[in-house]
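Residue numbers (full-length UniProt numbering): 1 to 67.
All C-beta atoms in this analysis are idealised placements derived from N, C-alpha and C, irrespective of residue type, glycine included.
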């Protein structure tokens with residue numbers, strides 16, 4: 001199993017930075033730790049590849065800190 005994690009706003013606003021959309025990341029992170037320990041993942045951020053992947057690195061830092 002490999003997960004692609006993405007935040008969202010409303011019904012069609014996919015791809016904002018992790019923690020800036022409507023997803024309750026602290027709850028989701030706790031659930032993933034409990035239900036899917038060790039499962040690999042990658043965040044999906046709109047335009048995350050710009051500036052040498054700055055958006056992806058920000059998302060990974062936020063997820064690592066548990067938000």
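| Asked | Found |
| --- | --- |
| What's the call for residue 48, buried or exposed, on a 16-neighbour Cβ count within 10 Å? | buried |
| Under the rule that 16 or more other beta-carbon atoms within 10 Å means buried, what is residue 33, buried or exposed? | exposed |
| Which two residues bound the contiguous alpha helix (DSSP H) that contains residue 26? | 25 to 35 |
| Between which two residues does the beta strand (DSSP E) carrying residue 42 extend? | 40 to 43 |
| From residue 46 to residue 15, what distance separates their C-alpha atoms? | 5 Å |
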